[in-house]
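Engineer: Residues -22 to -1, 1 to 155 (mature numbering (1 follows the signal peptide of the UniProt record, and there is no 0)) are what the sequence shown spells out, left to right.
Think of the CB as a built atom: it goes at the ideal place given N, C-alpha and C, for glycine as much as any other residue.
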Amino acid sequence: MISHSQLILLLITTLSISISTSTPVASSNSNDTAAIFTLGPLPADELDAQVAALEADGTLARLTRRGNPDNKDCHSVTLYDKPDFRGMAFYGCYAADEWHLLDSHWNKAMKSVRMRQTASCWWFGVLGSCKTPMNMVPRQYFTWPGSDVHPMIAGSSGCFFCPSAEADWWEPVTTPP
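1) From the DSSP output, in three-state form, read off D35 for me.
2) What residue from T56, Y72, S90 and D62 has the CA that sits closest to P19's CA?
3) Specify whether the region 56 to 67 and the region 75 to 94 touch according to this definition: at least 3 beta carbon pairs, one from each stretch, less than 8 Å apart.
4) Where do the N-terminal and C-terminal ends of the alpha helix (DSSP H) with A67 fall, by residue?
5) Could you round the C-beta distance between H53 and A97 to whole angstroms and report it? I think they count as a contact, below 8 Å.
6) Roughly how many whole angstroms lie between the Cα atoms of I(-4) and A22?
7) L79: which of A34, F102, P141 and A143 sits nearest, CA to CA?
8) Quick one: measure Cβ to Cβ for S134 and D51, integer angstroms, because I've assumed they're closer than 8 Å.
9) For D26, does the three-state DSSP call read helix, strand or coil?
10) I'd like to know whether the C-beta atoms of C137 and C99 end up nearer to each other than 8 Å.
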């Protein structure tokens, strides 16, 4: 017979294993769009090597086209849970000119963001959906090669928008206002 304390320990262990083995991905709801293609989470060095290999042999472009029937520009973004592009990492290729909402894990964990050479994105702190501008709070503009997340938006920067080359109304800034 299992004692009360053993049962609690078993539940905590099961919950811990469930949380540590879950794979967080970009979330999507009726107002916010998900990534066209994702990879990870993996240790940063491993994920960076896999993305570089997929880019070099053309596989990444093929996978991106397959998930992108509208042929929109795809902005390549890698999130890291430690500053200076270290720790665990998650890669996503996001359609231009659409709002994207990160899942709660990466919203809280994100400490640095790497952008590929053609990518640039605005990041906002937000409460709820990205479609509610009244809930937007300080922003940060990321472009190649990326940078650490500004302390003002760390932990609340789950909403982002990657403008296409034609979207010239977005004035870049490097730190929140």
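Structural biologist: On the basis of the coordinates in this document:
1) Here residue 35 corresponds to residue number 57 of the sequence shown, with the count starting at 1. DSSP places D35 in coil when its eight states are reduced to three.
2) Working through the sequence shown from its first residue, we reach residue 19 at position 41. It is T56.
3) yes
4) Taking the sequence shown and counting its residues from 1, one reaches residue 67 at position 89. No alpha helix (DSSP H) contains A67, which is instead part of the beta strand (DSSP E) from R64 to A73.
5) Here residue 53 refers to the residue found at position 75 when the sequence shown is read from its first residue. Here residue 97 refers to the residue found at position 119 when the sequence shown is read from its first residue. H53 to A97, Cβ: 4 Å. Contact.
6) Residue numbering aside, residue -4 sits at position 19 when the sequence shown is read from its first letter. Residue numbering aside, residue 22 sits at position 44 when the sequence shown is read from its first letter. Because I(-4) sits at a pLDDT of 30, beneath the cut-off of 50, its placement in the model cannot be relied upon, and the following sentence gives the value as read from the coordinates. Near 20 Å, if we compare the C-alpha coordinates of A22 and I(-4).
7) Along the sequence shown, read from residue 1 onward, the residue named residue 79 stands at position 101. Per the Cα distances, F102.
8) On the sequence shown, position 156 is the one that residue 134 refers to. On the sequence shown, position 73 is the one that residue 51 refers to. Not really, about 27 Å apart at Cβ, beyond 8 Å.
9) One-based indexing of the sequence shown puts residue 26 at position 48. Here D26 sits in helix by DSSP.
10) The sequence position of residue 137 within the sequence shown is 159, counting from 1. The sequence position of residue 99 within the sequence shown is 121, counting from 1. Going by C-beta atoms, C137 is not nearer than 8 Å to C99.
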